[in-house]
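So the structure is just underneath, and the comments pick up after that.
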Amino acid sequence: MRRWAGLFIGIFIIWLLMTYAAPWGRQTATLRPIMDVIDERGIDATAYYYTDLKEFAEAELNITHALRYTPVGPAGSN
Amino acid sequence: MEEKVESKESQVVVDKAGGQLSDLWKKEDYWAIWLGFLILIVGLIIYLPRGPADMQEKVDKANATLKAEAAKAPFKTIAWHKAKSAKKFRGTDTSAGKAIKKFTSTPQKWTSNPIDGFYKSKAAADAANDKAKPKYEEAKAKDEAAFAAAQAAEAAAEAAGFKDDAVNKQAQDAIAAWQAAKAKASSAKSKASTKPYNMIPSLIGLMVVLGIFFGIGIQVMGRSFGEFFKGFIFVFFIAVLAYMGGKQATMSYYGIGDPAWAIIFGMLISNTVGTPKWVMPAVQTEYYIKTGLVLLGAEIMFGKILAIGTPGIFVAWVVTPTVLICTYIFGQKIVKMPSKTLNITISADMSVCGVSAAIATAAACRAKKEELTLAIGLSLVFTAIMMVAMPAFIKAVGMPYILGGAWMGGTIDSTGAVAAAGAFLSDKALYVAATIKMIQNVLIGLTAFFVALYWVAKVERLPGQSVSVMEIWYRFPKFVIGFIIASIIYSLLDAGLGKDISDNLLNHGAVRGFSRLFRGWFFCLAFTSIGLATNFRELAEYFKGGKPLILYVSGQTFNLILTLLMAYIMFYKVFPEITAKI
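As given, the protein sequences belong to chains A and B, one line each in that order. By my numbering, the letter at position 18 of the first sequence is numbered 53, and the numbering carries on one by one without gaps. By my numbering, the letter at position 202 of the second sequence is numbered 792, and the numbering carries on one by one without gaps.
Set out below in structure tokens:
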């Protein structure tokens, strides 16, 4: 009985975290700005390898093209 | 004849030297290689022949445009950006790619109703789209306005022959603003394009396929397929719940993903009602992790270390091993960590790239599952802190964003958090941060190899004992060989296909559209197994005295200082011309 109570208490704590603690933190002045960026850009902040994120593919594409095809312009321009 | 001594508490298997031909089908390490290679080969067969017939022509035409535009103007013109995008014919966008993604899909993002993770009716999808539509229309209008402004600014610069610095700068800024607006519109469009889904059939199908996939190896290794499969249903179910936890919208902002939830849910079960005995045959942490690591090998393409040139190599490949080795020595000599495997796992996850580095290193040195859990837990906590604190600090002190991006990319552990922190500053910061982190990700291959080598050659030998080359071979974790071979093959393919074709068919095909999808599931199954077999009290033992925390904080402090110093020297003193091009 105690074991099952322990399981349900654990589930309840997780539910409290997801339903109240995390949303409260999301709205604080410290966390809100970066979480708004995550939301707006659709970034998966939980990803743990570069192939899990489309942003990394775009970053690599942009950097490698910037270095390979660096705009230099016509002679006399900067 | 091989002997195995299995420690009940730790589930670390210590092999004594010796090998036979039958190891090839009796040992888990080899099964990880065969199963991993099977997936890799199937992925290559599906995607490599799938490029459009005119792909080389498209690439050549776009590259010619890029070259011409680069010579025409001293900034990236609209046509330059469009030519860059015109080379996208990704394997993942084909019908086969979409079908594979659907079959292997994890639960979807949800906010307050967990059912949304599995099922969304057409009515609900339409309602979500209607809700998101106004924001999409607004973003689309801004994109169109920004494009018009960019066209006008570029025309003005062209009228001045691209020789007026002030007009050129205006055009450059307008085009950058258009690119930012385009990215936001694209993100808003995705939110307004929700399709109905029902994931239950595909999840059941995937469970059966993976159960058979792993079960065959189990059977040949001498254990019961039936018992494994029965337990696998439960392990898979908990893994699905772990993905559900990671996809809860608000929790995901904190970077708490499926690995953490898999451990939490698994431990909740094992430390309360207890993991049922009939599940235990499927609690196969090492089997899942090793197979996942062979697949991860394919994502380690060595050509990527050149992505941002020499500065990137110095920041990611000189600083990182320096911090790793110094932190390990510090941990042994000063902090006096009681466990070498815990020391190196924490050192790797802090200095290299978080969870993925911890997994590879822990497996290479045969760390205990509690040590891997602790290393990941520390990494996730500090990642969340650094994701918020670092961009705020960079803004507050007025640090250049390219420097800030390189600093964050080289120090924030988690890849997702690096993207978030980079995006918070600017697109350039994001590009630099992401590229540095990607180069660090590639370092995992060598880290795992050298840690495994060091461990079998030095750490595991008895004092005074000399270890022969054959002994090293026998003791060497064989799945690391598979991991390295996968990396070498994919690196050669990446180089051989050429950057543009490789990006579309290998990176956005065989890797992102196939092996990566299975790799994610295998690691989640592994973490679920860790949770289901971990005791709270045993885990707490490893944290005694706070030494892991002291080690992490000390190492990360050193990492922050050295990375910033190296990034500044490389990007602003030695190679400022590369920085100017970004």
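Glycine included, C-beta positions come from ideal geometry on N, C-alpha and C. Given the structure is predicted, the values throughout are model-derived calculations rather than measurements.
Taking 8 Å as the cut-off, the Cβ atoms of GLU75/A and SER780/B do not count as close. Distances from the CA of VAL810/B to each of ALA1170/B, GLU889/B and TYR620/B were compared; the closest alpha carbon is that of TYR620/B.
Interface criterion not met: the Cβ of PHE47/A is under 8 Å from no Cβ in chain B.
Distance from the Cα of SER814/B is smallest, within the candidate group VAL825/B, ILE802/B and PHE824/B, for ILE802/B.
The beta carbon of GLY887/B is closer than 6 Å to those of PHE1073, ALA1076 and SER1077 in its chain, skipping five residues each way along the sequence.
DSSP, reduced to helix, strand and coil, places GLN1146/B within a helical segment of the structure shown.
Within 10 angstroms of the beta-carbon of GLU727/B lie fewer than 16 other beta-carbons, which makes it exposed.
Taking a 10 Å sphere around the C-beta of THR951/B, we find 16 or more other C-beta atoms and assign the residue as buried. Taking 8 Å as the CB threshold, TYR84/A lines the interface with chain B. Within the segment 1048-1127 of chain B, complete alpha helix (DSSP H) segments of at least 4 residues are found at 1059-1065, 1068-1087 and 1106-1122, given in chain order. Counting other Cβ atoms within 10 Å of its Cβ, ASP683/B stays below 16 and is therefore classed as exposed. Pairing VAL945/B with SER969/B gives a Cβ-Cβ distance under 8 Å.
Here the segment 887-898 of chain B lies against the segment 1025-1036 of chain B, with 3 or more beta-carbon pairs under 8 Å apart. With contact defined as three or more Cβ pairs closer than 8 Å, the segment 1128-1148 of chain B and the segment 661-673 of chain B are not in contact. In terms of Cα proximity to ILE631/B, the closest of ALA1157/B, ALA1116/B, ARG1127/B and LEU1096/B is LEU1096/B.
The three-state secondary structure of TYR787/B, taken from DSSP, is strand. Within the segment 737-825 of chain B, the complete alpha helix (DSSP H) segments of 4 residues or longer fall at 755-781 and 790-810, listed in chain order.
MET53, ALA57, PRO58 and ARG61: these are the residues of the segment 50-63 of chain A whose beta carbon lies less than 7 Å from some beta carbon of chain B, given in chain order.
For LEU1033/B, none of the residues of chain A pass the 7 Å Cβ criterion, the least Cβ distance being about 12 Å. Only residues of its own chain outside the window of five on either side were considered, and among them ASP706, GLY707, MET834, LYS837, GLN838 and ALA839 have a CB closer than 8 Å to the CB of TRP700/B, listed in chain order.
Judged by DSSP in its simplified three-state form, GLN1030/B adopts helix. Listed along the chain, the chain A residues whose CB falls inside 9 Å of the CB of ARG1106/B are TYR84, THR86 and ASP87.
For VAL757/B, the closest of GLY681/B, PHE1148/B and PHE665/B by C-alpha to C-alpha distance is PHE665/B.
Closer than 9 Å at the C-beta level to chain A, one finds no residue of the segment 632-645 of chain B. With contacts defined by Cβ atoms closer than 8 Å, ALA954/B and GLY994/B do not form a contacting pair.
Listed in chain order, the positions of the segment 658-690 of chain B with a beta carbon within less than 8 Å of a beta carbon of chain A are GLU659, ALA660, ALA661, LYS662, ALA663, PRO664, PHE665, LYS666, THR667, TRP670 and LYS674. At the C-beta level, ASP1084/B and GLY807/B stay beyond 8 Å of one another.
Of the candidates PRO68/A, PRO109/A, PHE43/A and TYR55/A, PRO68/A places its Cα closest to the Cα of LEU1015/B. For the segment 984-1038 of chain B, the full-length alpha helix (DSSP H) segments reaching 4 residues or more read 991-1001, 1005-1015 and 1017-1032 along the chain. When DSSP states are grouped into helix, strand and coil, TYR84/A belongs to the coil group. Residue-level contact by beta carbon holds for MET70/A and chain B, with a gap shorter than 8 Å.
Note: TYR637/B is not bridge-paired with any residue in the DSSP secondary-structure output. Counted as a single uninterrupted DSSP element, the alpha helix (DSSP H) harbouring ASN653/B occupies residues 645-662. Shown here for SER937/B: same chain residues with a beta carbon closer than 7 Å to its own, the five before and five after excluded, namely LEU914, THR917, TYR918, GLY921 and GLY1145 in chain order. The three-state secondary structure of LYS1134/B, taken from DSSP, is helix.
Sequence-distant partners of GLU961/B (beyond 5 residues in either direction) whose C-beta falls short of 7 Å from its own C-beta, in its chain, are SER929, THR931, LEU932, THR935, ALA952 and TYR1132.
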